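The structure under discussion appears below in the form of structure tokens.
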Amino acid sequence: MATTLPEPGSAEYQSLLVETGRSDLNGFNYEAHLAATQGGGAMPAVPPPAPMPPAPIEAPPPAGALPPGAVPVPAPEPVPPGAPVPPGVPMPPTDVPPAVVPVTPAPVPPTGAVPLPAVGSAAYQALLLETGRSDLNGFNYEAHLAVKQGVSNNQFDQYLQAQSVAELEKLLGAVDANQLFAQSSGKQIQELVDKFGSDPQFKAFLNNHTNPAVTPVAPTTGSGGAVVNPVPTPVPPAIVYQPPAITRAVSSVPLPEFGSVAYKALLLETGRDDLLGFNYEAHLAAKANTSLPNFDQYLNAGSGKALLDLLGNVNVNELMSQASPAQVQQLIGRYSSDPAFGAYLNSATAPELPAQGTPAYESLLLQTGRKDLKDFDYEAHLRVLTEVQEALTVANLPSAKAPEAQLVGSATNDKLVYTGTDFALLAGGDGDDELVAGDHGSLLVPGSGNNKVLGGAALDSVLLTAPITEVRVRKDANNAWIVEDPTAQSSNTLQNVERLLFADVGLALDVAPDKPAGQTAMILGAVFGKAAIEKLDYVGIGLNLFDEGKSFTEISTLAMSVTQKTAPQDIVELLWTNVVGSAPSADQARPYIDMLNSGMTPGALAELAAKTTLNQTQIDLTGLASTGIVFV
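360 is the number that numbering that gives the first Met the number 0 gives to position 361 of the sequence shown; each next residue is one higher, with no gaps.
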């Protein structure tokens with residue numbers, strides 16, 4: 000019979016977190032933990048932490064309510080002890096003792112037990128990961144092995160078959176590593192350690208997942224100035240993104256890769272010089288019922304030359320437009336590697352540079368920042384624009400604000416600096432580029448290479464083609480965001496950029512009390528509870544409202560309308576519970592109920608609640624500022 004975990008927030012639950020080094024007990028095998036820690040030696044004495052208030056209760060939006068994009072509002076700032084309580088200011092609990100930071104002794108294996116792996120070895124670190132512990136002091140390894148007899152993970156082979164640590168990390172990036180190891184056999188884990196244990200990158204991975212973040216405490220000095228409790232070195236938490244439950248819907252079918260045989264055949268089929276602005280999905284839908292009964296003669300031509308002889312007597316654009324998509328694809332598949340057919344496609348679809356003096360030529364000069372187009376690689380230019388278009392298609396971004404100006408790089412290193420007054424698109428292309436936005440908002444597409452992106456005064460978004468789970472996002476010592484794509488072997492250094500747009504989700508970087516992402520989180524935390532910040536669509540709606548120019552008060556009012564709370568008692572209880580972490584007493588609630596009865600609107604009270612320091616602490620706004628907030 001399964002052993003029940005202590006209730007979240009209880010002293011026993013908090014003590015178990017300290018004992019195991021975990022931040023929560025989701026998926027934790029408590030029964031196996033008890034079996035492994037009984038009888039093999041005493042656990043280190045750890046003073047139980049003070050009881051925690053119950054977790055905030057999220058108020059789900061009722062059916063028929065407005066979509067939860069509304070953003071909540073703050074509660075009043077706390078009042079110093081002893082000061083008179085002005086109306087409308089909540090008093091936080093005053094009986095919370097300071098957090099206890101236990102000092103962990105060196106691991107001591109129990110006498111007579113199966114010996115533990117050597118401290119610091121890959122096997123030892125893997126055992127920490129498997130058990131969710133921060134150390135193995137007093138751990139009964141023999142009992143642990145007995146508990147895990149018969150345990151096996153049928154999907155573990157995919158990790159054992161990884162060809163490199165980078166590939167292994169990519170696979171593990173989307174799972175709970177503690178839970179995965181706990182559900183796998185000791186033999187499976189040992190095989191993984193044997194394969195990768197000597198690789199420094201694997202050891203670094205284990206260290207990152209088994210060294211908990213430490214909160215620095217001030218050192219205490221004894222007599223003579225000796226340090227009694229040295230300050231532990233803080234370990235920054237790793238930013239690991241789980242695959243989001245909600246992602247953007249792709250609005251249309253992506254084009255074939257630029258320059259491919261399929262791409263060139265599509266140019267031939269449509270009679271176009273490029274596919275910029277081309278709706279491929281609509282094209283396929285229009286051709287759903289087309290078919291040529293005599294197309295087999297082209298499919299059955301013996302060679303590319305024989306095919307070209309047949310095509311020489313017809314209008315090729317018209318022929319391809321009347322054939323079905325399946326027939327066109329069959330033709331491409333059959334002759335794509337034929338040199339004669341390839342040469343024909345190249346010559347028939349080669350882009351022609353606009354003539355000097357034409358509007359198209361002048362437009363190209365503006366886009367590229369050039370004085371003339373001598374030796375200009377027009378095909379490379381079209382490729383950059385086509386890839387940007389595809390990135391926008393995959394990201395399915397709102398088309399309400401299309402770029403009014405463009406600066407487009409080349410296949411080499413470029414520095415693009417926009418100085419105009421329009422909303423602009425800056426696309427770097429290949430090479431190591433530097434993109435400098437204007438002060439009226441920009442969409443920046445760095446492309447491949449190692450790039451630098453500098454935003455301006457307005458909202459700037461960087462568009463990347465990879466999903467968020469395939470990149471690493473971190474902040475450096477200068478507060479610049481570093482976005483690394485190990486697969487593409489590229490990186491981007493971003494400064495003064497508000498949003499990162501991936502293939503599946505967005506990441507809001509403007510997390511501060513006076514910035515849209517931070518204010519969105521503050522309103523969501525106060526009105527819907529901290530858990531609402533993990534609802535990607537809620538965050539997206541709040542960001543859109545702020546980006547449209549809505550005020551904090553307007554969004555807080557909309558958020559409160561979604562809750563459908565109208566009675567003053569219910570409104571105060573909702574906001575107080577979300578901000579403080581527990582329901583208010585009658586005396587605590589009374590000043591706010593009186594404020595509502597005296598004419599304050601629910602939205603205004605929500606704004607007051609959302610802007611309090613208590614609320615910012617409850618939602619960990621500082622932590623969110625170091626990771627960003629995911630949204631759709």
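Don't be surprised by glycine CBs; every beta carbon is placed ideally from N, CA and C. Since the model is a prediction, treat every value here as computed from it, not as a measurement.
Neighbourhood of residue i by C-beta distance below 8 angstroms, restricted to the same chain and skipping five residues each side
| i | result |
| --- | --- |
| Thr-3 | Tyr-29 |
| Gln-568 | Ala-588, Ile-592 |
| Ser-346 | none |
| Thr-552 | Val-72, Gly-602, Ala-603, Glu-606 |
| Gly-419 | Ala-404, Gly-437, His-439 |
| Gln-296 | Leu-309 |
| Ala-487 | Ser-447, Ala-465 |
| Leu-372 | Leu-352, Gln-355, Tyr-360, Leu-363, Leu-364 |
| Phe-340 | Gly-303, Leu-306, Leu-307, Tyr-334 |
| Asp-413 | Gly-427, Gly-428, Gly-430, Asp-432, Glu-433 |
Cβ neighbours of residue i in the same chain (closer than 6 angstroms, five flanking residues each side left out)
| i | result |
| --- | --- |
| Val-482 | Val-470, Val-472, Asn-491 |
| Asp-484 | Ala-465, Val-470 |
| Leu-499 | Val-461, Leu-506 |
| Gln-329 | Leu-298 |
Same chain, Cβ closer than 7 angstroms to residue i, five either side skipped, listed in chain order
| i | result |
| --- | --- |
| Phe-630 | Val-504, Gly-505, Ala-507, Leu-535, Val-538, Gly-539, Leu-542 |
| Thr-643 | No statement about residue 643 is possible, as the shown extent of the chain runs from 0 to 631 and does not include it. |
| Ala-457 | Asp-438, His-439, Gly-440 |
| Pro-397 | Bear in mind that a pLDDT of 48 at Pro-397, under 50, signals an unreliable position, so the number given afterwards is only what the model happens to contain. Excluding positions up to five away in sequence, the list is empty. |
| Pro-358 | none |
| Pro-632 | This structure leaves residue 632 out entirely; the chain is present only between 0 and 631. |
| Ala-410 | Asp-376, Ala-379, Gly-428, Asp-429, Gly-430 |
Proximity below 8 angstroms, CB of residue i to CB of residue j
| i | j | result |
| --- | --- | --- |
| Asn-614 | Ala-530 | no |
| Tyr-279 | Gly-303 | no |
| Ala-582 | Glu-572 | yes |
| Thr-611 | Val-578 | yes |
| Gly-448 | Asp-475 | no |
| Pro-5 | Leu-15 | yes |
| Ser-183 | Phe-155 | yes |
| Ile-618 | Ala-516 | no |
| Ala-122 | Phe-201 | no |
| Tyr-140 | Val-113 | yes |
| Gly-368 | Leu-406 | yes |
| Ala-502 | Gly-428 | no |
| Leu-424 | Leu-434 | no |
| Tyr-158 | Leu-144 | no |
| Ile-554 | Phe-545 | yes |
| Ala-624 | Ala-511 | yes |
| Pro-402 | Phe-422 | yes |
N-terminal and C-terminal residue of the alpha helix (DSSP H) that residue i is part of
| i | result |
| --- | --- |
| Ala-333 | Reading off the sequence, residue 333 comes out as Arg, not Ala. That run of the alpha helix (DSSP H) goes 324-334. |
| Gln-366 | 358-367 |
| Ala-456 | Taken as a continuous stretch (DSSP letters only), Ala-456 belongs to no alpha helix (DSSP H), as it is neither H nor E. |
| Asp-156 | 156-159 |
| Ala-481 | Per the sequence shown, the amino acid found at residue 481 is Ile instead of Ala. From DSSP, Ile-481 is part of no alpha helix (DSSP H) but of the beta strand (DSSP E) over 480-484. |
| Val-252 | It is not in any alpha helix (DSSP H) - Val-252 carries neither H nor E in the DSSP assignment. |
| Lys-263 | 260-269 |
| Leu-499 | Where Leu-499 is concerned, there is no enclosing alpha helix (DSSP H), although the beta strand (DSSP E) it sits in stretches over 498-500. |
Range covered by the beta strand (DSSP E) that runs through residue i
| i | result |
| --- | --- |
| Val-113 | No beta strand (DSSP E) contains Val-113, which DSSP labels as neither H nor E. |
| Glu-433 | 433-435 |
| Val-444 | 441-444 |
| Asn-596 | Here Asn-596 belongs to no beta strand (DSSP E); instead the alpha helix (DSSP H) covers 585-596. |
| Asn-450 | 449-453 |
| Phe-630 | 628-630 |
| Lys-304 | Unbroken run through Lys-304 is the alpha helix (DSSP H), 303-310; no beta strand (DSSP E). |
| Val-192 | Run containing Val-192: none in the beta strand (DSSP E); it sits in the alpha helix (DSSP H), 185-195. |
| Ala-426 | 423-426 |
| Ser-490 | 489-494 |
| Gln-124 | Element bounds for Gln-124: not the beta strand (DSSP E) but the alpha helix (DSSP H), 121-130. |
| Leu-291 | Careful: Leu-291 lies outside any beta strand (DSSP E) and carries neither H nor E. |
| Ala-284 | Segment 279-285 is the alpha helix (DSSP H) holding Ala-284; no beta strand (DSSP E) there. |
| Lys-474 | 471-474 |
| Gln-405 | 404-407 |
| Val-416 | 414-416 |
Residue-chain proximity (residue i, chain D), Cβ-Cβ < 8 angstroms
| i | result |
| --- | --- |
| Asn-345 | Absent from the structure: chain D. Only one protein chain is present. |
Please list the segments of the beta strand (DSSP E) lying wholly inside the stretch 502-535, counting only runs of 3 or more residues, in order along the chain.
505-507
Is the number of C-beta pairs between the stretch 252-262 and the stretch 373-390 that are closer than 8 angstroms three or more?
yes
Between the stretch 314-333 and the stretch 284-297, can you find at least three pairs of beta-carbon atoms closer than 8 angstroms?
Touching, per the Cβ criterion.
Looking at C-beta atoms only, is the number of pairs between the stretch 153-165 and the stretch 456-464 that lie closer than 8 angstroms three or more?
Judged by Cβ distances under 8 angstroms, the stretch 153-165 makes no contact with the stretch 456-464, as fewer than three pairs qualify.
Which runs of the alpha helix (DSSP H) spanning at least 4 residues fall entirely within the stretch 537-572, listed in chain order?
551-562
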